[in-house]
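Enquirer: The opening residue of the sequence shown carries number 581 in the numbering used here; numbering runs sequentially from there.
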Amino acid sequence: MTPQISQPDPQAGAAVKAADRAHVFHSWSAQDLIDPLAVAGAEGSYFWDYEGNRYLDFTSGLVFTNIGYQHPKVVAAIQEQAARMTTFAPAFAVESRSEAARLIAERTPGDLDKIFFTNGGAEAVENAVRMARLHTGRAKVLSAYRSYHGATSAAINLTGDPRRWPSDTASAGVVHFWAPFLYRSPFHSSTEAEECARALQHLEDTIAFEGPQSIAAIILETIPGTAGIMIPPPGYLAGVREICDRYGIVFVLDEVMAGFGRTGTWFAADLFDVTPDLLTFAKGVNSGYVPLGGVAISAEIAETFAHRPYPGGLTYSGHPLACAAAVATIRAMEDEDIVGGAARLGAEVFGPGLAEIAERHPSVGEVRGVGAFWALELVRDPRTREPLVPYNAAGADAAPMAAFGAAAKKRGLWPFINMNRTHVVPPCNVSETEAKEGLAALDAALSVADEYVVE
Ligand code: PLP
């Protein structure tokens, strides 16, 4: 149901904006070059500003509102927990924390049955790396180019995109390698099977030349998210699992973005029938209503810390309010079959709808995805696959993507844009009608991108 938006109140919006511009220091931004929208409210898959403009959110925030905004059951659970026990220190057993851990462990693959809670994704990655290093007694961690793992120290050094560059210490013990991506194959492959075999061989070679005995962990996003939603070819993750087993390397899957229903399964790892040794999560665990993340830990790694203290902790590890939001979110997802709904949306609406759109628009080089997790690769030349804007373009160089984004917003669609891609990542429970409304706006906005395609 389309929400009733609040009455326009431009004066209130102006005050919110003025205080933001005076005092809020925003992530990833040149502070004087940004113009953040003042948001008045949000419900379900929509949000609106103080001017009376409503937007269908095809971004889920930063891909975290997997159950949409203001889900009444989760809002009520937060209110109830706040009234009962807003906070408590992490060393105690607390009902909402215990229950959240139980519900998460029941859903994570295999024997990932112990949960270390953090405040978000980056801290989850930091702790997974720490656990892997202590468990193996080794220092190096391998991660992929075209990846994002967070903005804290180890996490940003693991990240395989330009956001790492200004923070790269060149001494973090990280080695990057290429993961499979057939559309822009680093291995000049022409089939998924070839890409898979070559990517696994490349990983083997990297390990051989780095020294297997020096490698604590390999971390991969099960399906890389921000870097482009590249679904690994059949056999790749199973192949990485086998390599890790052979060399005693800890396999970490980062499901901060791909987890909790996004792919139409509880975890993306379920699609590939692979169980990592550590799995990081955040975002969808409680749709970001209260900050929460964590690491799901295998029996073997948990055993390492059974009689030896784990040297890591956080004041707010397993915060009762955040955990109550997780419990209510997971129950709502179960009751409303939101995970199954995302699978159906992918198969019946986004898959066919985006394929049709791609046929109409020469600027769409490739569509890929699953569930409520889709990327459109926009190109200047569909034959050469030259991206619509250069890699890491900014300012005037990024103008074609900015023009596409503005056209989408004019049609009431808030698009996710990263480099030359737009991602279709709405809440997993977006209705079919809303999804189709969004696809129609996307279709119209892509005509603007088409104008930049070379003849
Ligand atoms: N890992 C992945 C795969 C992510 O997508 C993100 C955030 O987008 C992170 C880690 C970092 O999470 P956070 O921003 O909560 O620290």
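Positions of the beta carbon are idealized from the N, C-alpha and C atoms, including for glycine. A quick note: this is a predicted structure, and the numbers were derived from the prediction, not measured.
Alpha carbons only, please: which of P967, V929, D600, W628 is nearest the one belonging to G949?
Expert: Here the closest residue by C-alpha is V929.
Enquirer: So for N998, helix, strand or coil by DSSP?
Expert: In the structure shown, N998 sits in a strand (DSSP, three-state: E or B).
Enquirer: Relative to the C-alpha of A594, which residue among A610, V619, S586 is closest?
Expert: Among A610, V619, S586, the Cα nearest to that of A594 belongs to V619.
Enquirer: If we count the other Cβ atoms within 10 Å of its Cβ and call it buried at 16 or more, is T909 buried or exposed?
Expert: The residue in question, T909, is buried, as its Cβ has 16 or more Cβ neighbours within 10 Å.
Enquirer: With three or more beta-carbon pairs closer than 8 Å as the criterion, would you say the segment 676-684 touches the segment 823-833?
Expert: Counting Cβ pairs under 8 Å, fewer than three are found: no touch.
Enquirer: Note down the Cα distance separating G819 from H768, rounded to an integer number of angstroms.
Expert: Straight-line Cα distance between these residues: approximately 20 Å.
Enquirer: Are H782 and P792 closer than 9 Å when you measure CB to CB?
Expert: No.
Enquirer: Helix, strand or coil for I918, going by three-state DSSP, please let me know.
Expert: Helix, per DSSP.
Enquirer: Along the alpha helix (DSSP H) that carries T860, what are the first and last residues, could you check?
Expert: Run containing T860: none in the alpha helix (DSSP H); it sits in the beta strand (DSSP E), 858-861.
Enquirer: Y626 bridges to which residues according to DSSP?
Expert: According to DSSP, Y626 bridges with E623, L636.
Enquirer: To the nearest angstrom, how far is it from the Cα of A922 to the Cα of G985?
Expert: In a straight line, the C-alpha of A922 is about 25 Å away from that of G985.
Enquirer: Out of I787, G648, T645, point me to the one whose CA is closest to R826's CA.
Expert: Minimum Cα distance to R826 is reached at I787.
Enquirer: Does the segment 620-629 come within contact of the segment 854-871, defined as at least 3 CB pairs closer than 8 Å?
Expert: Too few Cβ pairs lie closer than 8 Å, so no.
Enquirer: Among residues of its own chain, excluding the 5 on either side of K694, which ones have a beta-carbon nearer than 6 Å to its beta-carbon?
Expert: Counting only Cβ-Cβ distances below 6 Å, and skipping sequence neighbours, we find I877, A882.
Enquirer: For the beta strand (DSSP E) that I695 lies in, which residues bound it at each end?
Expert: Run containing I695: 694-698, per the beta strand (DSSP E) assignment.
Enquirer: Could you have a look at W954 and say whether DSSP puts it in helix, strand or coil?
Expert: It is a strand residue.
Enquirer: Smallest Cα separation from Y971: which of A796, V854, D741, P814?
Expert: Nearest of A796, V854, D741, P814 to Y971, Cα basis: D741.
Enquirer: Should T860 be listed as close to the ligand PLP, given that the test is whether its C-beta is under 8 Å from any heavy atom?
Expert: True, at least one ligand heavy atom lies under 8 Å from that Cβ.
Enquirer: Go to A595, then tell me how far its alpha helix (DSSP H) extends in each direction, as first and last residue.
Expert: Element bounds for A595: 590-603.
Enquirer: Under three-state DSSP, which class holds P652?
Expert: P652: helix per DSSP, three-state reduction.
Enquirer: Less than 9 Å separating the beta-carbons of A696 and Y890?
Expert: For the sequence presented, residue 696 should be read as Phe rather than Ala. Yes, these two residues count as a Cβ contact at 9 Å.
Enquirer: Using three-state DSSP, classify G874 as helix, strand or coil.
Expert: Three-state result, G874: strand.
Enquirer: Give me the Cβ distance between A592 and Y630, rounded to the nearest whole Å; I'm assuming they're in contact under 8 Å.
Expert: Rounded, the Cβ-Cβ distance is 6 Å, consistent with contact.
Enquirer: What residues are listed by DSSP as bridge partners for L993?
Expert: Answer is L636, bridged to L993.
Enquirer: Between Y725 and the ligand PLP, is the CB less than 8 Å from at least one heavy atom?
Expert: It does not: the Cβ of Y725 is nowhere closer than 8 Å to a heavy atom of the ligand PLP.
Enquirer: With three or more C-beta pairs closer than 8 Å as the rule, is the segment 1017-1031 touching the segment 925-943?
Expert: A contact exists between the segment 925-943 and the segment 1017-1031.
Enquirer: Nearest CA to the CA of S586: which residue from G701, P1006, A848, G632?
Expert: Checking every option, the nearest Cα to that of S586 belongs to G632.
Enquirer: Given the structure, does H1036 come close to the ligand PLP, in the sense that its CB is under 8 Å from one of the ligand's heavy atoms?
Expert: There is no way to answer for residue 1036, as the model of the chain reaches only from 581 to 1035.
Enquirer: In the structure shown, what three-state DSSP assignment does V643 receive?
Expert: Residue state, collapsed to three classes: helix.
Enquirer: Examine the ligand PLP and report whether any of its heavy atoms sits within less than 8 Å of the Cβ of M837.
Expert: True, at least one ligand heavy atom lies under 8 Å from that Cβ.
Enquirer: Return helix, strand or coil for V944, following the three-state DSSP convention.
Expert: If DSSP states are grouped into helix, strand and coil, V944 belongs with the strands.
Enquirer: Using three-state DSSP, classify F761 as helix, strand or coil.
Expert: Coil, per DSSP.
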